[in-house]
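>
Numbering (the working numbering), first residue to last: 64 to 388.
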């Protein structure tokens, strides 16, 4: 979904700036998070993601800028923080206490009905381990207990800073499923992550920043389109026909490039899947039989590199999962 009016935005900020001495960490950032969405917040290392989140939560004061969160004034965090839950960096709990007792401490400090503890633990899949000491929890369980703490007050907006950081593939899948289930219940989730592949799985909206500035804000599909859209990968039945086939496609007014991959040499055409049938017919009419014709969706990572001019060395990867921090 794409929000166009203030009434449809859970978070709206403009000109958000944070300066530490002479160093500008967040530079006139514009931020729009649609209500009810799962919005990803991504960018290279040092882009200003965590600093931005800390400003939204009132942990640090913006140098400049204004905005609203759930109808409250960004300059007065007390006007909205009671409706916001957050997990920032690694959660901190008493290691000798059980998961349940840790939540009990937080509930009493926050004057929250302790009756919500069991349902929240069940919600994050920890009810069976609720009485075990926190120190015995795996990293994934600790992260889920952190989310349980954020859910105690039944927030309308949940802000998660790197919730999959350090998790193994199974833990990442568990976290993904949890976030998706929360969104299905109508909660707005704003998740910062360096795993762009995960953002593709769970988010319908994306905010991308570089050097403290917004470089993209909108539906995930919109970023792919700005980065060049989808492509079709073609291979002729006879490899020596590749150059001739490229000439035919160029004559159709399409952009075609020859690329090498693990399957050999292919022709990559910038076109969507709807064009595949017509393109196949044109190739056949020109005397070229295709042994391969497949759609290749441009990844968010590729689109991001093209938009910002960054390179893979500028980001932190995750084995088998890819990523941007």
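Even glycine gets a Cβ: it sits at the ideal position worked out from N, Cα and C.
#1: From the DSSP output, which residues share a beta bridge with residue 130?
#2: Please state if the CB of residue 146 and the CB of residue 220 are separated by a distance shorter than 8 Å.
#3: Is residue 74 near residue 253, with beta carbons less than 8 Å apart?
#4: Pair every Cβ in the region 156-167 with every Cβ in the region 129-145, then say whether three or more of these pairs are closer than 8 Å.
#5: Which residue or residues does DSSP assign as beta-bridge partners of residue 327?
#6: Using a Cβ distance threshold of 8 Å, determine whether the region 88-101 contacts the region 246-264, with at least three qualifying pairs required.
#7: Return the CA-CA distance between residue 154 and residue 207, expressed in angstroms with no decimal places.
#8: Rounded to the nearest angstrom, what separates residue 140 and residue 194 at their Cα positions?
#9: To the nearest whole angstrom, what separates the beta carbons of residue 105 and residue 256, a pair I think is in contact under 8 Å?
#10: Starting from the Cα of residue 335, find the closest Cα among 356, 321, 328, 351 and give me that residue.
#11: In this structure, how does DSSP classify residue 71 when only helix, strand and coil are distinguished?
#12: Apply the 10 Å Cβ neighbour rule to residue 310 and answer buried if 16 or more other Cβ atoms are within range, or exposed otherwise.
#13: Please state whether DSSP places residue 205 in a helix, a strand or coil.
#14: Expressed to the nearest angstrom, what Euclidean distance is found between the alpha-carbon atoms of residue 240 and residue 152?
#15: Quick one: is residue 233 buried, meaning 16 or more other Cβ sit within 10 Å of its Cβ, or exposed?
#16: Please state the DSSP three-state secondary structure of residue 378.
#17: Tell me the DSSP secondary structure of residue 184 in three-state form.
#18: Alpha helix (DSSP H) containing residue 115: first to last residue?
#19: Between the region 109-123 and the region 167-175, do three or more beta carbon pairs fall short of 8 Å?
#20: Does DSSP put residue 152 in a helix, a strand or coil?
#21: According to the neighbour-count rule (16 or more other Cβ atoms, all chains shown, within 10 Å of its Cβ), is residue 329 buried or exposed?
#22: Look up residue 222 in the DSSP assignment and give the residues it is bridged to.
#23: Return helix, strand or coil for residue 230, following the three-state DSSP convention.
#24: Grouping DSSP H, G and I as helix and E and B as strand, with all else coil, what is residue 81?
#25: Does the separation of the CB atoms of residue 283 and residue 267 fall below 8 Å?
#26: Please look up how many angstroms separate the CB atoms of residue 93 and residue 275, rounded, as I've assumed it's under 8 Å.
#27: Is residue 332 closer than 8 Å to residue 403 when the C-beta atoms are compared?
#28: What's the call for residue 321, buried or exposed, on a 16-neighbour Cβ count within 10 Å?
#29: Using the beta-carbon count (16 or more within 10 Å), is residue 112 buried or exposed?
#30: Figure out for me which residue from 229, 109, 286 has the closest Cα to the Cα of residue 103.
From the atom records:
#1: Partner(s): 76.
#2: Yes, the pair counts as a contact, with Cβ atoms nearer than the cut-off.
#3: Contact: yes.
#4: No: the two stretches stay apart, fewer than three of their Cβ pairs being nearer than 8 Å.
#5: For residue 327, which the question treats as bridged, DSSP gives the partners 324.
#6: They touch, by the three-pair rule.
#7: Each residue's alpha carbon lies about 9 Å from the other.
#8: Taking the straight line from one Cα to the other gives about 34 Å.
#9: Separation of the CB atoms of residue 105 and residue 256 is rounded to 6 Å, and the pair is thereby assigned contact status at 8 Å.
#10: The shortest C-alpha separation from residue 335 is found at 356.
#11: Note: residue 71 maps to helix in three-state DSSP.
#12: Residue 310 should be labelled exposed.
#13: DSSP places residue 205 in the helix class (H, G or I) of the three-state scheme.
#14: One alpha carbon belongs to residue 240, the other to residue 152, and they sit about 20 Å apart.
#15: Its Cβ having fewer than 16 others within 10 Å, residue 233 is exposed.
#16: Confidence in residue 378 is poor, its pLDDT being 45 and thus under 50, which makes the residue's placement too unreliable to answer from.
#17: Helix.
#18: 112-119 is the span of the alpha helix (DSSP H), which, as asked, contains residue 115.
#19: Because the criterion of three Cβ pairs below 8 Å is not met, the region 109-123 and the region 167-175 do not touch.
#20: Shown here, residue 152 sits in coil according to DSSP, grouped into three states, outside any helix or strand.
#21: Looking at its Cβ environment, which holds 16 or more other Cβ atoms inside 10 Å, residue 329 is buried.
#22: Answer is 149, 253, bridged to residue 222.
#23: Of the three classes helix, strand and coil, the one that applies to residue 230 here is coil, per DSSP.
#24: The three-state reading of DSSP puts residue 81 in strand, counting E and B together.
#25: In this structure, residue 267 lies closer than 8 Å to residue 283 by Cβ.
#26: Going by Cβ atoms, the distance from residue 93 to residue 275 rounds to 11 Å, so no, they are not a contact pair.
#27: Residue 403 is absent from the structure shown; the chain starts at 64 and stops at 388.
#28: The residue in question, residue 321, is exposed, as its Cβ has fewer than 16 Cβ neighbours within 10 Å.
#29: With 16 or more other Cβ atoms inside 10 Å of its own Cβ, residue 112 counts as buried.
#30: Ranking 229, 109, 286 by Cα distance to residue 103 puts 286 first.
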